[in-house]
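Numbering (this note's numbering), first residue to last: 2 to 304.
Even for Gly, the Cβ is constructed at its ideal location relative to N, Cα and C.
Source: prediction; values computed, not measured.
First the structure, in the form of structure tokens, and then the observations on it.
Written as structure tokens, this is what we have:
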């Protein structure tokens with residue numbers, strides 16, 4: 002079946018975003034709506050979804066057909082720290098897992114505004130520790146996330162460093178949200194071709210997640226992190242994304258810090274187009290397989 006032209010899909014996403022992210026509904030209702038909206042596309046055929054818990058944090062283990070269980074991807078979903086769920090990311094994470102040939106743990110980490118910063122970071126660290134305690138080789142372990150999950154991945158790497166734990170083989174940062182300061186959330190102009198995100202929506206996410214916390218805390222806004230000693234980055238940026246400056250900037254900061262950085266930009270696409278990328282025509286359809294393949298190369302470098 003041929004893919005859909007991106008501009009046709011873009012037009013349909015604007016009313017969908019208003020339905021998903023209306024300020025008149027609760028975050029809980031928004032999460033339920035997102036789960037409905039992401040029923041398509043489903044996980045690849047042959048994927049086993051196994052519920053579990055890691056360090057007391059619930060989630061599921063996606064096991065693609067033919068995966069090597071020695072390779073492990075810890076996936077931190079997006080949703081502005083407020084509206085994503087693990088269930089909504091079954092198809093998304095399973096497609097990365099299939100390309101990576103890895104079992105993939107997708108966490109149901111605590112969300113705002115029921116649980117504000119740093120609850121999500123604490124949950125990610127607890128799950129990472131649990132995977133190490135299972136005997137997972139950190140050289141075969143990667144951490145990845147999209148949007149807020151990309152920021153959470155980078156926050157987790159900082160906590161891993163602080164606690165003296167071994168770093169994962171790489172970080173996968175998909176359309177990452179890295180700067181929660183008012184200057185970035187409110188001072189950046191809206192991206193005219195971006196159908197999902199806007200200053201007002203990003204500002205609402207940030208306020209719900211941070212509460213009274215300092216938005217310049219590097220665990221909240223990893224754009225301000227010291228990158229010394231962190232693992233390689235695999236970064237994907239969407240050219241029309243409101244958050245594209247975050248992804249471009251962290252890729253450059255990583256290179257400046259001497260990290261290995263694999264950066265790819267998808268021109269003419271919007272924030273987290275990956276959620277429906279298998280339905281798209283053009284190079285966007287290859288985004289999740291490309292991310293999985295890049296992460297696999299880092300896991301296999303330990304051989």
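Where does residue i fall in DSSP's three states?
i           : result
residue 237 : strand
residue 175 : strand
residue 46  : coil
residue 118 : coil
residue 105 : strand
residue 60  : strand
residue 265 : strand
residue 143 : strand
residue 281 : strand
residue 228 : coil
residue 71  : strand
residue 132 : helix
residue 40  : coil
residue 76  : strand
residue 53  : strand
residue 166 : coil
residue 5   : strand
residue 195 : coil
residue 259 : coil
residue 152 : helix
residue 243 : coil
residue 20  : helix
residue 110 : coil
residue 222 : coil
residue 25  : coil
residue 320 : For residue 320 there is no data in the structure shown, the boundaries of the chain being 2 and 304.
residue 91  : helix
residue 293 : helix
residue 301 : helix
residue 217 : coil
residue 66  : coil
residue 190 : coil
residue 10  : helix
Going by C-alpha distance, which of the options is nearest residue i?
i           : options            : result
residue 78  : 60, 70, 69, 6      : 60
residue 58  : 124, 181, 217, 41  : 124
residue 185 : 171, 205, 166, 170 : 205
residue 300 : 162, 100, 187, 253 : 100
residue 10  : 221, 270, 156      : 270
residue 177 : 242, 86, 41, 130   : 242
residue 153 : 254, 5, 219        : 219
residue 212 : 112, 230, 170, 139 : 112
residue 62  : 200, 139, 128, 201 : 128
residue 120 : 174, 133, 83       : 83
residue 18  : 255, 296, 201, 264 : 201
residue 227 : 256, 203, 199      : 256
residue 224 : 209, 167, 149      : 149
residue 166 : 33, 192, 282, 139  : 139
residue 143 : 114, 174, 134      : 174
residue 42  : 69, 215, 88, 188   : 88
residue 55  : 272, 64, 298, 131  : 131
residue 230 : 66, 209, 65, 155   : 155
For residue i, count neighbouring C-beta atoms within 10 Å of its own C-beta (all shown protein chains included) and say buried if the count is 16 or more, exposed if not.
i           : result
residue 44  : buried
residue 207 : buried
residue 20  : exposed
residue 285 : buried
residue 147 : buried
residue 37  : exposed
residue 40  : exposed
residue 217 : exposed
residue 247 : buried
residue 7   : buried
residue 24  : exposed
residue 145 : buried
residue 52  : exposed
residue 190 : exposed
residue 151 : buried
residue 13  : exposed
List the whole-angstrom C-beta distance separating residue i from residue j, where the pair is believed to meet the contact cut-off of C-beta under 8 Å.
i           : j           : result
residue 35  : residue 92  : The Cβ separation is near 12 Å, so there is no contact.
residue 158 : residue 172 : 6 Å
residue 141 : residue 303 : 6 Å
residue 15  : residue 196 : 5 Å
residue 245 : residue 252 : The Cβ separation is near 11 Å, so there is no contact.
residue 281 : residue 5   : 6 Å
Original post:
How about the segment 220-237 and the segment 255-271: do they share at least three Cβ pairs that are nearer than 8 Å?
Top reply: Yes, they touch.
Original post:
Does the segment 91-107 come within contact of the segment 33-48, defined as at least 3 CB pairs closer than 8 Å?
Top reply: Touching, yes.
Original post:
When the Cβ atoms of the segment 65-81 are set against those of the segment 104-114, are three or more pairs found closer than 8 Å?
Top reply: Touching, yes.
Original post:
Using 8 Å as the Cβ pair cut-off and three pairs as the minimum, do the segment 148-166 and the segment 281-298 touch?
Top reply: In short, these stretches do not touch, since the Cβ pair count stays below three.
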